[in-house]
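Accompanying notes for the structure given below.
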Amino acid sequence: MNPLKALCVVAILATSVLAVPNHHQHTLQRKPTQWLSTNQLSEAPSVEDVSIQNLESMSLEEGARALQTIYHVSQINNDLKPSFTPSANQIPVTIVKSNGQHVSTTLDKLANTANQMPYFGKQEITVFITGLPSQKSETVKKANHKLVEAYIERFNYQNSKGHDEASNAGNLVIIDLGDQLSSSKRYMMLDIRETGTKIAHELIKMIEKCRVPHDTIHIVAQNIAAHVAGACGKEFERQTGKQFRRITALDPSRVYAKESQCLLSLARGDAEFIDAIHTSAWGMGTPARVGDVDIFPNGPSKGVPGCDNVVEASMRATHYFAESVRPGQEHNFPAEETNSYEEFKSHNNCGKRVYMGLAIDKDAEGDYMLEVNEKSPFGKRTPAHQQRNCQSTHKSYTTSSSSWSQYD
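Okay, here's the thing in C-alpha cells:
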C-alpha cells in the first residue's frame, strides 16, 4: 500500500488494518479504537488539511485536534513508512560569523566552505537545524530571525570582552532543513534516520577538514529536526566513537512515519547532554520525554500563553531559547523540577532549580516546569538559586538555495 495514500485516505488505511490475517501480529499492534471512534476515523483530516498555512488559520484547539488525529491514524499497524530524504546538495546552509557576515552554501559543500573561512571553529560552533519552512510562514521566519539575531549579539558581546578583531567569538551554522519540508507530506514522511545520517557525515567532514574539536559543537534543532539531530548524534558516535557536547530540542515533534523495530526519536545518549523545551506538547510537539532534561513551560499543553495556533505555540520554544542567548538574559527562565503542573502550582515542591535555555545546568536530569509571560520578554527572571526552606533533591530521570534575507 502506498503510505502517502494510506495517510490521506483514512478509510482505506483503516480497512487494510482490519484485514490483517495474522491474529498474533494484529493483537500486538495498538488498535485505532483505543484512540478514535469510528466517526472520528471517518472524519479524520488529510495531510493537505494540515499544511502550515492551514494550521495557522485554525484555532489552537482545532490545530491540535487535527494533528493528534492524523498522528493516531498514522500509527495504525505502523503502516506509514518514511519515504522522503532531501539530497545534501538541496539543503541550504548559511554560516554566520560573529560580526554578522554570512556565507551561503549547501550541506554537501559545508566543509569546503567553512575551511576557507579564517578562524572558523576556534570557538564554539552552534549548528541550528530548522524544522519548519520559513518561506511558508512569517511566524517561523520571525522566530528563526530572532535566534540568529541573538547569536550575533552574543558573538559581538564576546568579541568586545577581549577577543582581538581578527579572531572569532563563535560561528552559527544554519542547516535549513525546513526549506525542504515545503509540504506537509514531506514533513510527515521525512526519513529521519537517513537525513540525520547525511548531516552527520557532512559535520564529520567539517570537523576533520577544519580541525574542529567535537566537544565545541552544540546542535540546536527545531520541531521534527530535533529527531534528525538525534539520528545525527547516533551516526556521529557510530563513526567516530565520540559524542556531540549538547543537543537542544526546541519543541520536538511527534514522529509520524516510522520503521519497524527502529527507534527514531531523539533520546538520552544521542549527545553528552540533551535538553528539550516543550511548548506545544499536545499540539505540534510531543509530550514524550526526549532528553536528560525536559522542560514544559506552563506544564504540558497544546500551547503556551499568548499563542493563537499550534505553529505559533511550537515556535515559542525558539523565541524562549533566543531570549536566553542574549547577553544578560541567560537567567530569564528559572525552572523547577516537579512531577506535575499541579505540584508545581501548589508551591510545595522542593525540586532542583535550573535555568531553561543556553545557561542550563548540564548535570541536571528530569522534568522541569516554569511560568512564562505572554509577550516578550517571555522570562519572569525569578532567580533559580532562591530555594524554598527545604532540602533540594535531584531525582533520576525515569520515567532551494536560501539566502540570508530569509532571516532578515
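Sequential numbering from 1123 applies to the sequence shown in the working numbering. Positions of the beta carbon are idealized from the N, C-alpha and C atoms, including for glycine.
Residue from Ala1410, Glu1452, Gln1361, Thr1370 whose Cα sits closest to the Cα of Ser1387: Walking along the sequence shown from the start, residue 1387 turns up at place 265. Among Ala1410, Glu1452, Gln1361, Thr1370, the Cα nearest to that of Ser1387 belongs to Ala1410.
Under 8 Å between C-beta atoms of Ala1186 and Val1447: On the sequence shown, residue 1186 is found 64 positions in, with the first residue counted as 1. On the sequence shown, residue 1447 is found 325 positions in, with the first residue counted as 1. No, they are not a contact pair.
DSSP three-state assignment for Ile1174, whether helix, strand or coil: For the purposes of this step, residue 1174 is taken as the residue at position 52 of the sequence shown. Residue state, collapsed to three classes: helix.
Boundaries (first-last residue) of the beta strand (DSSP E) holding Glu1459: What you label residue 1459 is simply residue 337 of the sequence shown in a count that begins at 1. 1456-1459 is the extent of the beta strand (DSSP E) around Glu1459.
Among Gly1488, Ser1436, Ser1468, nearest to Glu1098 - alpha-carbon criterion: Shown here, the chain extends from 1123 to 1530; a query on residue 1098 therefore has no answer.
For Leu1182, the nearest candidate out of Ser1205, Lys1467, Ala1371, Cys1429 (CA to CA): As a working note, residue 1182 is residue 60 in the sequence shown. For Leu1182, the nearest C-alpha among the options comes from Cys1429.
Whole-Å CB distance - Leu1325 paired with Ile1213, under 8 Å assumed: Sequence index remark: in the sequence shown, residue 1325 carries index 203 (1-based). Sequence index remark: in the sequence shown, residue 1213 carries index 91 (1-based). 12 Å between Cβ atoms; not a contact.
Extent of the continuous alpha helix (DSSP H) to which Met1310 belongs: The count along the sequence shown starts at 1 and reaches residue 1310 at position 188. That run of the alpha helix (DSSP H) goes 1306-1310.
Beta-ladder partner(s) of Arg1448, from DSSP: To locate residue 1448, count along the sequence shown from 1; it is residue 326. Paired residue(s): none; Arg1448 is not in a bridge.
Stretch pair the segment 1367-1384 + the segment 1310-1328: three plus CB contacts closer than 8 Å: yes
Nearest-angstrom Cα separation, counted from Val1215 out to Ser1525: Mapped onto the sequence shown, residue 1525 falls at position 403. Mapped onto the sequence shown, residue 1215 falls at position 93. Any reading at Ser1525 must be qualified, since the residue scores a pLDDT of 40, below 50, and its modelled position is unreliable; the value itself is stated next. When rounded, the distance between both Cα atoms is 9 Å.
Alpha helix (DSSP H) runs contained entirely in the segment 1248-1290, provided each spans 4 or more residues: 1260-1282
Counted within 10 angstroms of its Cβ, other Cβ atoms place Arg1333 as buried (16 or more) or exposed: Within the sequence shown, residue 1333 is the residue found at index 211, counting from 1. Answer is exposed; the Cβ neighbour count stays below 16.
For Met1491, the three-state DSSP class (helix, strand or coil): As a working mapping, residue 1491 is identified with position 369 in the sequence shown. Strand.
Residues bridged to Asn1293 (per DSSP): Position 171 of the sequence shown, counted from the start, is the residue given in the question as residue 1293. Per DSSP, Ile1247.
Cross-strand partners of Pro1374 (DSSP beta bridge): Stepping through the sequence shown from its first residue, residue 1374 is reached at position 252. Per DSSP, none; premise fails for Pro1374.
Reference Pro1255, options Glu1493, Arg1308, Phe1466, Phe1366, closest by Cα: Locating residue 1255 in the sequence shown gives position 133, counting from the first residue. The shortest C-alpha separation from Pro1255 is found at Arg1308.
Between the CA atoms of Tyr1490 and Val1172 - distance to the nearest angstrom: Mapped onto the sequence shown, residue 1172 falls at position 50. Mapped onto the sequence shown, residue 1490 falls at position 368. Going from the Cα of Val1172 to the Cα of Tyr1490 covers about 30 Å.
Burial state of His1146, where buried means 16 or more other Cβ atoms lie within 10 Å: Counting from 1 along the sequence shown, the entry for residue 1146 is found at position 24. Reliability of the predicted coordinates at His1146 is poor, the pLDDT of 36 falling under 50, and the value obtained from them is presented with this limitation in mind. So His1146 counts as exposed.
Of the listed residues His1336, Val1262, Asn1237, Phe1206, nearest to Arg1438 (C-alpha basis): Within the sequence shown, the letter at position 316 stands for residue 1438. Considering only alpha carbons, the answer is Val1262.
For Val1350 and Thr1149, the rounded distance between their alpha carbons: The residue labelled residue 1149 in the question sits at position 27 within the sequence shown. The residue labelled residue 1350 in the question sits at position 228 within the sequence shown. Because Thr1149 carries a pLDDT of 35, less than 50, the predicted location of this residue cannot be relied on, and the following value inherits that uncertainty. For Thr1149 and Val1350, the distance between alpha carbons rounds to 31 Å.
Where Ser1402 falls, given that 16 or more other Cβ within 10 Å makes a residue buried: The residue you call residue 1402 lines up with position 280 of the sequence shown. With 16 or more Cβ atoms within 10 Å of its Cβ, Ser1402 is classed as buried.
Per DSSP, the bridge partner or partners of Pro1214: On the sequence shown, position 92 is the one that residue 1214 refers to. In the DSSP output, where bridge partners are listed per residue, Pro1214 has Thr1228.
Contact check, Phe1443 vs Val1377, beta carbons under 8 Å: For the purposes of this step, residue 1443 is taken as the residue at position 321 of the sequence shown. For the purposes of this step, residue 1377 is taken as the residue at position 255 of the sequence shown. In this structure, Val1377 does not lie closer than 8 Å to Phe1443 by Cβ.
Where Asn1454 falls, given that 16 or more other Cβ within 10 Å makes a residue buried: As a position in the sequence shown, residue 1454 is number 332, starting the count at 1. Per the 10 Å Cβ criterion, buried.
Euclidean distance between Cα positions of Ser1304 and Asn1470: On the sequence shown, position 182 is the one that residue 1304 refers to. On the sequence shown, position 348 is the one that residue 1470 refers to. Ser1304 and Asn1470: Cα-Cα distance of roughly 46 Å.
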